[in-house]
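One structure is given below, encoded as structure tokens.
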Amino acid sequence: MAWDVEGTKTRIYQAALTEFAAHGPDGTTIDRIAKRAKVNRERVYNYYGDKTALFSTVIRTEVDALAAAVPLHITGPDDIGDFAGRAYDYQRTHPDLARLVLWEGLSNHGAIPDELTRTGLYQAKAATIAAAQQAGHIDDTLDPAHLMFLIISLASYWSAAPQIARMLTGHDDGDTDETTRRRAAVVHAARRLATRP
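This note's numbering puts the first residue of the sequence shown at 81, with every later residue one more than the last.
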């Protein structure tokens, strides 16, 4: 019987995503990932390299998936609000992404393994904002990179720190009315950031 390479790689990836989101790169091991994936540890190393390379692959894949699912096109402040709302929706249904980013921030000192690639992705978003500012579509008071960072924060921090959201609002994200209000707040705030005074 032929070895299902793609199926094995997918199982390893999903196991790594679960482990890294729950425990961070410093809190898990290749052995735990292999056990969760039901493969021997050599398969993990063969397909993904060491733990640092595997974590890098997981976070880059998840960030790329968000970028593909939530493109940014700007003709006015409403588009900034819409982008933030869609990013919020994506993060709600993919809460592991915010956890991975937080773990990365806690675990890494200095440059990250694929920083150049990911820098390009983020700078492309900032360049889209800069072009919209130069065209007069949105307010140009904030630096484009700062505006992009603020929008990312607005959209993602509900998933990154659900305990703070619960303590502030008295509701968790299982409350449909509350998540609707949260999304509306994200959209409104992002739109206001992009609106000329």
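Note that CB positions come from ideal geometry on N, CA and C, so glycine has one too.
Check	Outcome
In the DSSP assignment, find the alpha helix (DSSP H) that holds R179 and state where it starts and stops.	176 to 187
Per the contact definition of three or more C-beta pairs closer than 8 Å, is the region 104 to 122 in contact with the region 180 to 200?	yes
Are there 16 or more other CB atoms within 10 angstroms of the CB of W238, so buried, or fewer, so exposed?	buried
Going by C-alpha distance, which of Q243, A269, D253 is nearest I232?	A269
Within the same chain, show all residues whose beta-carbon is closer than 6 Å to that of P224, passing over the 5 residues directly before and after it, in chain order.	A206, I209, A210
Among residues of its own chain, excluding the 5 on either side of A240, which ones have a beta-carbon nearer than 6 Å to its beta-carbon?	A178, L182
Leaving out five residues on either side along the sequence, give the residues of the same chain with a beta carbon under 8 Å from the beta carbon of E258.	T249, H251, D252
By Cβ distance, which residues of its chain are closer than 8 Å to T132, with the 5 residues on each side in sequence left out?	P105, P193
Counting pairs of beta carbons, one from the region 86 to 94 and one from the region 156 to 169, are three or more of them closer than 8 Å?	no
So I154 and I218 are in contact, right, with Cβ under 8 Å, and what is the actual spacing, rounded?	6 Å
Out of E122, G156, T197, which one is the CA nearest neighbour of T141?	T197
Out of curiosity, what's the CA-to-CA distance linking H226 and G200?	16 Å
If you check the beta carbons only, do F135 and V150 fall under 8 Å apart?	no
Do you know offhand how far D176's Cα is from F229's?	19 Å
Can you grab the Cα-Cα spacing for the pair K118 / F100, in whole Å?	17 Å
Assign Q214 to buried or exposed, taking buried as 16 or more other Cβ atoms, counted over all protein chains shown, within 10 Å of its Cβ.	exposed
Can you say whether M81 is buried or exposed, counting buried as having 16 or more other CB atoms within 10 angstroms of its CB?	Residue placement at M81 is poorly supported in this model, since its pLDDT is 44, which falls under 50; the coordinates are not used for a value here.
Whole alpha helix (DSSP H) runs in the region 181 to 238 with 4 or more residues, listed along the chain?	195 to 214
Quick one: Cα of D84 to Cα of Y128, how far?	16 Å
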